[in-house]
Every structure is written in C-alpha cells, then in structure tokens.
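Chains as they are written, first to last, in this note's numbering: chain G, 671 to 817; chain W, 671 to 817.
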C-alpha cells in the first residue's frame, strides 16, 4: 500500500460561517468537495461540540470515509481555525491529483487568511518472510505548496 | 491551534484477524485503544468493503472522532496491511503523550511484522490583521520512532 496524506491548517476563517458551526453545513461542503475531486464517498460522520462555559460556540469535527481512504475536518470557530487532512491510497490508481483537488476545493470555499499545507507519501513496508523489502521508500515528504 | 499528527503504516499483519475483516471487531479494538490512551471518543463510524471480484476479502475503514480530534484506520486484508493515523490538538492540554499511547496500543494489538511511523507537529498560523504571526512554527517534523 502506498498513498499520499495531505494536511492543511487554516487561520483567519469566517468565525460565523455555517460550516464552522453546523455539522450539516460542514457535511454538505465536504461532500461537494469530494464530488468535485472525483473521489468516492462511502460514509460520513459529523459531530457538533457544545458551546464552551464562557459561551463561545462549539466547533464541528467530521469525516468522510472514502473508497480511497478519508477526509477529516475540525473547526475552531472561537479562533477562526480549521484543520483538514485528506489521505488517499493509490491501491488501484494514483489518486494524488484528486487529493490535491479535494483540499484545494475546501480551501477555496473556506477562504482562510493563512494556511499551512504539508504532504507526505506513505508506504507500508513490503514484508517477505518477516523482512522488510523496501525500508527506504517509506514516509518520504513530498513537495507541497505552502501559503 | 497546535497539534500532533501521528501515522503508522503496518505490514505483515494477520490477514484473517477479525479486526482486519469485520467493522464491529475493528471498532471494538479502536475504542479499547482510545480508552487505554485516556483520549475522549465522541462518535465513531466503521465501514466494511465488499469482497473483490477475484474473491479476496474487502477491508475495513473506520474513524473514531475524539474530543481531541480523530483516529482513522484502514485495513487491506489481501496484503496484511493496516494504516493508522491519530491527530490530537493541544487546545486545552498537551495530548501528545496520549496520542503515542493510542498508536502504541493499536500496534501492540495488531502485531505487524514491520511498521513505518511518522509524526508531525501541526500549527495553524496566527493571524493578525491578515498577517501570519508565527510562520516558522508550522509543520515541524517531530522525532518519531521507526520500527
């Protein structure tokens, strides 16, 4: 198994955006982005957190399970922060470009003032009689756009 | 928001283990590991894939949403591979040690012949009047044990 794991940490998002506060709105946004990316959603789960004791609104955490792996999103409305991660395996096809499209679609919709993006190749070591066959090919960082 | 994202790519796992093939068994294993780590599960979703046309069994993909962020697991029984990722934010406390305990508990239960582990610090850039305030503190790779 080899794959690509992309993360994006967003700051300066609209703190009162529906997708920042409401599980149904974030779900809609994520499923639209998955459709845009031509990845395959198989199930999803979105959870809204209660407001803090000081009255600041709770965020939303959610995931879309993909045939190709997953998209996970967490929002912090009190600080205008969102974290995204998209992991795609390249089991039957190279889904790297689709993962980039997925993250880019969400960044476009969430319009942060700043974003930090990272990406890594992931690869499970080959195993033959208990011996790794490709130890050097695991976990290479890939070129990934910054801001 | 700052946090720690750990990944582990496992090879040489027991291809017929219940948690490799059955959503309910993987769910149980993941919730036990979350409990061991003293992280807080708020919801979970596990999906089993259909067998391939050649008759090889379908894997399972699942996630546990945590108050601290998420655990995501994908299994490939046909190749004895499992991918794990645990992301914890350190919003109200440093959950890094708990994330390590969570991944270690799953590795112990899944007993792979080989594993590749990676870990990254994640941090959303501070934003002040549209300007990042901590651009250098984002996305630092952290020391993470290999095999």
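Each residue gets a CB set at the ideal place from its N, CA and C atoms; glycine is no exception.
With a cut-off of 8 Å on the beta carbons, I'd call residue i and residue j a contact; round off their distance for me.
i	j	result
residue 773/G	residue 756/G	5 Å
residue 671/W	residue 759/W	6 Å
residue 735/G	residue 715/W	6 Å
residue 628/W	residue 747/W	As displayed, chain W neither begins before 671 nor continues past 817, which places residue 628/W out of reach and without an answer.
residue 718/G	residue 692/G	7 Å
residue 766/G	residue 674/G	5 Å
residue 704/W	residue 711/W	5 Å
Output the boundary residues of the beta strand (DSSP E) element that contains residue i.
i	result
residue 714/G	711-718
residue 681/W	672-681
residue 742/G	739-746
residue 686/W	That residue, residue 686/W, is in no beta strand (DSSP E); it is neither H nor E in DSSP.
residue 754/W	751-759
residue 784/G	784-793
residue 732/G	730-736
Since residue i is in the alpha helix (DSSP H), which residue starts that stretch and which ends it?
i	result
residue 696/W	693-707
residue 767/W	766-780
Given that residue i touches chain G, what residues does it touch there, using C-beta distances under 9 Å?
i	result
residue 728/W	The contacting residues do not exist; residue 728/W stays about 11 Å from chain G at best.
residue 793/W	679, 786
Note down, in chain order, each residue of its chain lying with its Cβ closer than 8 Å to the Cβ of residue i, except the 5 sequence neighbours on either side.
i	result
residue 707/W	768, 769, 771, 772, 775
Below 8 Å on C-beta distance, what does residue i contact in chain W?
i	result
residue 772/G	Near residue 772/G there are no residues of chain W at all, since even the closest Cβ is about 15 Å away, more than 8 Å.
residue 735/G	715, 717, 731, 732, 733
residue 753/G	671, 673, 739, 757, 759, 792, 794
Below 8 Å on C-beta distance, what does residue i contact in chain G?
i	result
residue 710/W	Result: empty, since nearest Cβ-Cβ is about 11 Å, beyond 8 Å.
Under 7 Å Cβ to Cβ from residue i, same chain only, skipping five residues before and after it: list those, please.
i	result
residue 811/W	Legend: pLDDT at residue 811/W = 42, less than 50; position of this residue unreliable, no value from coordinates given.
residue 713/W	735
residue 688/W	695
residue 778/G	none
Residues of chain G with a CB under 7 Å from the CB of residue i: which are they?
i	result
residue 749/W	671
residue 725/W	Here the premise fails: no neighbours, minimum Cβ distance about 16 Å.
residue 832/W	It is not possible to answer for residue 832/W, since the shown part of chain W is limited to 671 through 817.
Suppose the cutoff is 6 Å on Cβ atoms and the five residues either side in sequence are ignored; what does the same chain contact list for residue i look like?
i	result
residue 727/W	691, 721, 747
residue 753/W	679, 744
residue 683/G	750, 752, 780, 782
Which chain W residues are close to residue i, counting only those with a beta carbon under 7 Å from its beta carbon?
i	result
residue 689/G	The premise fails here: residue 689/G is roughly 16 Å from chain W at the closest Cβ pair, so nothing lies under 7 Å.
Just to make sure I have the definition right: I need the residues of chain W whose C-beta is within less than 9 Å of the C-beta of residue i. Which are they?
i	result
residue 742/G	733, 735, 739, 740, 742, 755, 757
Would the region 739-756 of chain W and the region 729-747 of chain G be scored as touching if the rule is three or more Cβ pairs under 8 Å?
In this structure the region 739-756 of chain W touches the region 729-747 of chain G; the number of beta carbon pairs closer than 8 Å is three or more.
State whether the region 788-798 of chain W contacts the region 779-794 of chain G, with contact taken as three or more CB pairs (one from each stretch) at a distance under 8 Å.
Yes, they touch.
Below 8 Å, can you find three or more Cβ-Cβ pairs linking the region 697-704 of chain G to the region 672-679 of chain G?
Output reads no: the region 672-679 of chain G does not touch the region 697-704 of chain G.
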